[in-house]
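Colleague: Structure incoming, see below.
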Ligand SMILES: NC(=O)c1ccc[n+]([C@@H]2O[C@H](COP(=O)([O-])OP(=O)(O)OC[C@H]3O[C@@H](n4cnc5c(N)ncnc54)[C@H](OP(=O)(O)O)[C@@H]3O)[C@@H](O)[C@H]2O)c1
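In our numbering, the protein residues as written are 2 to 307.
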């Protein structure tokens with residue numbers, strides 16, 4: 002099969018579009034012929050290889066989100082069959098979606114409804130699991146609460162803005178000037194142009210903050226807008242002191258079918274729509290990584306694989 006091979010840690014030029022062996026379905030697994038795969042922030046972090054992202058074997062195939070059609074079924078798989086349209090997110094410690102095929106544990110993939118394209122399903126996987134885990138399972142956001150969601154134009158934050166609004170919250174978000182209308186369109190009540198206004202001038206009015214941007218300045222400011230007893234959930238790191246009178250929480254994102262199906266229910270109910278999507282081919286992975294790494298993408302980068 003064709004795949005994007007990470008030949009060593011380093012810059013985007015370490016990615017090579019080439020040929021590798023087809024995967025085989027082990028017990029409890031299916032092989033999915035991938036139609037679309039998406040790029041996540043984690044992908045360039047693994048490519049760089051710092052800290053916990055260090056790999057010990059190359060070539061390595063990056064990629065966590067995929068959507069496609071089951072082409073082989075391993076022993077013991079009873080709930081999926083060849084020809085089923087499915088999508089999912091690779092298990093913790095596994096990657097391999099920048100490819101024409103992937104072998105994956107059947108229990109963690111979900112059936113793709115016809116109402117979502119493969120591109121949309123691949124775009125929604127990890128961002129939805131992350132936003133659902135942060136907003137519902139970690140912050141336990143309730144109707145009537147106020148939340149600041151940092152970086153509303155990003156994949157995870159864009160899903161979180163819609164979800165928090167659906168739950169009945171007042172949603173404040175941050176974005177650059179070019180993305181203000183996009184984030185308002187996702188349902189945010191107030192979008193602050195972080196280049197033009199210091200977002201901390203809203204004062205300590207928030208019950209919760211979801212920081213998807215990270216970095217010291219954004220994190221320090223995020224603590225300032227919380228009420229005493231508030232909660233901050235983060236998915237992008239920062240140094241510096243946490244505020245003692247609020248809870249600082251790291252969402253523990255599970256890659257499971259139940260959360261994918263919760264996302265599908267929200268999409269079917271019209272509560273959440275897929276993000277803005279920029280289309281790429283696997284052969285253009287180097288360019289896709291350059292854009293992802295610059296961290297000003299609106300929505301998601303998706304590879305149209307076949
Ligand atoms: N399980 C996990 O823990 C988990 C899962 C998924 C993602 N993540 C991490 O979460 C982070 C977010 O990922 P993502 O894919 O959703 O988005 P991303 O691609 O990292 O972020 C892009 C967005 O960030 C916005 N942005 C950049 N600087 C900003 C600033 N100073 N203030 C406000 N917005 C800013 C950009 O909008 P503008 O152009 O408008 O600035 C852009 O839309 C990444 O670090 C990723 O690795 C963690």
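Virtual Cβ for every residue (Gly too), placed ideally from N, Cα, C.
Count the other CB atoms within 10 Å of the CB of residue 38; is the residue buried (16 or more) or exposed (fewer)?
Modeller: Residue 38 should be labelled buried.
Colleague: What did DSSP end up calling residue 167 once you bin it into helix, strand or coil?
Modeller: Residue state, collapsed to three classes: helix.
Colleague: Excluding the 5 residues preceding and the 5 following residue 73 in the sequence, name in chain order all residues of the same chain whose CB lies nearer than 6 Å to its CB.
Modeller: So the qualifying residues of the chain are 26, 32.
Colleague: Can residue 215 be considered in contact with ligand 1, in the sense that its beta carbon sits closer than 7 Å to one or more heavy atoms?
Modeller: It does: the Cβ of residue 215 is within 7 Å (strictly closer) of some heavy atom of ligand 1.
Colleague: For the alpha helix (DSSP H) that residue 129 lies in, which residues bound it at each end?
Modeller: Run containing residue 129: 119-133, per the alpha helix (DSSP H) assignment.
Colleague: Mind checking whether residue 276 and residue 241 have CB atoms under 8 Å apart?
Modeller: No.
Colleague: Taking the alpha carbon of residue 251 as the point to measure from, which residue in 128, 238, 244, 172 has its own alpha carbon closest?
Modeller: If we check each option's Cα against that of residue 251, 238 comes out closest.
Colleague: Could you pull out every unbroken alpha helix (DSSP H) segment of at least 4 residues lying fully inside the stretch 177-218, listed in chain order?
Modeller: The qualifying runs are 181-186.
Colleague: So for residue 67, helix, strand or coil by DSSP?
Modeller: Residue 67: strand per DSSP, three-state reduction.
Colleague: Would you check if the distance between the CB atom of residue 35 and the CB atom of residue 69 is smaller than 8 Å?
Modeller: Taking 8 Å as the Cβ cut-off, residue 35 and residue 69 qualify as a contacting pair.
Colleague: Where does the unbroken alpha helix (DSSP H) through residue 43 begin, and where does it stop?
Modeller: It spans 42-49 - the alpha helix (DSSP H) in which residue 43 sits, taken as one unbroken run.
Colleague: Going along the chain, which residues of its own chain have a beta-carbon closer than 8 Å to the beta-carbon of residue 185, five neighbours each way excluded?
Modeller: So the list reads 192, once near-sequence residues are dropped.
Colleague: So the candidates are 271, 172, 288; which of them puts its Cα closest to the Cα of residue 279?
Modeller: When only C-alpha atoms are compared, the closest one is 288.
Colleague: If you drop the 5 nearest sequence neighbours on each side, which residues of the same chain put their C-beta closer than 6 Å to that of residue 304?
Modeller: Counting only Cβ-Cβ distances below 6 Å, and skipping sequence neighbours, we find 38, 281, 283.
Colleague: Is residue 151 near ligand 1, going by C-beta to nearest heavy atom under 7 Å?
Modeller: Yes, since a heavy atom of ligand 1 falls inside the 7 Å radius drawn around the Cβ of residue 151.
Colleague: Taking the beta carbon of residue 143 as the centre, do at least 16 other beta carbons fall within 10 Å, making it buried, or is it exposed?
Modeller: Residue 143 comes out exposed.
Colleague: How is the alpha helix (DSSP H) around residue 81 delimited, first residue to last?
Modeller: Here residue 81 belongs to no alpha helix (DSSP H), and DSSP marks it neither H nor E.
Colleague: Closest to residue 169 by C-alpha separation, out of 181, 188, 157, would be which residue?
Modeller: Of the listed residues, the one whose Cα sits closest to residue 169 is 188.
Colleague: According to DSSP, is residue 229 part of a helix, a strand, or is it coil?
Modeller: Three-state result, residue 229: strand.
Colleague: Please report how far the alpha carbon of residue 159 lies from the alpha carbon of residue 152, in whole angstroms.
Modeller: Going from the Cα of residue 159 to the Cα of residue 152 covers about 8 Å.
Colleague: Heavy atom of ligand 1 less than 7 Å from the Cβ of residue 308, yes or no?
Modeller: Outside the modelled stretch of the chain, which goes from 2 to 307, sits residue 308, for which no answer is possible.
Colleague: For residue 174, which residues of its own chain have a beta-carbon under 6 Å away from its beta-carbon, when the five flanking residues on both sides are left out?
Modeller: Around residue 174: 150, 153, 162, 184, 189, 192.
Colleague: Measuring CB to CB, does residue 28 end up less than 8 Å from residue 75?
Modeller: Yes, the pair counts as a contact, with Cβ atoms nearer than the cut-off.
Colleague: So, with DSSP's three-state summary, where would you put residue 160?
Modeller: Of the three classes helix, strand and coil, the one that applies to residue 160 here is helix, per DSSP.
Colleague: Just grab the DSSP bridge partners of residue 258 for me.
Modeller: According to DSSP, residue 258 bridges with nothing at all.
Colleague: With a threshold of 8 Å, are at least 3 pairs of Cβ atoms found where one atom belongs to the stretch 79-86 and the other to the stretch 98-113?
Modeller: At 8 Å Cβ cutoff, the stretches touch.
Colleague: Just checking my contact of residue 297 with residue 45 at CB under 8 Å: how many whole Å lie between their CB atoms?
Modeller: Incorrect: roughly 14 Å between the Cβ atoms, too far for contact.
Colleague: Can residue 223 be considered in contact with ligand 1, in the sense that its beta carbon sits closer than 7 Å to one or more heavy atoms?
Modeller: Incorrect: residue 223 has no Cβ contact closer than 7 Å to ligand 1.
Colleague: On the DSSP letters alone, give me the boundaries of the alpha helix (DSSP H) that residue 286 sits inside.
Modeller: Unbroken alpha helix (DSSP H) run through residue 286: 286-295.
Colleague: Select from 100, 208, 212, 178 the residue whose C-alpha is nearest the C-alpha of residue 196.
Modeller: Among 100, 208, 212, 178, the Cα nearest to that of residue 196 is on 178.
Colleague: If you measure between the beta carbons of residue 148 and residue 208, is that distance less than 8 Å?
Modeller: Yes, these two residues count as a Cβ contact at 8 Å.
Colleague: What are the boundary residues of the beta strand (DSSP E) that residue 89 is part of?
Modeller: 86-90 is the span of the beta strand (DSSP E), which, as asked, contains residue 89.
Colleague: Keeping to the same chain, check which residues put their C-beta closer than 7 Å to that of residue 125; ignore five residues upstream and five downstream.
Modeller: Cβ neighbours of residue 125 beyond the five flanking positions: 264, 275.
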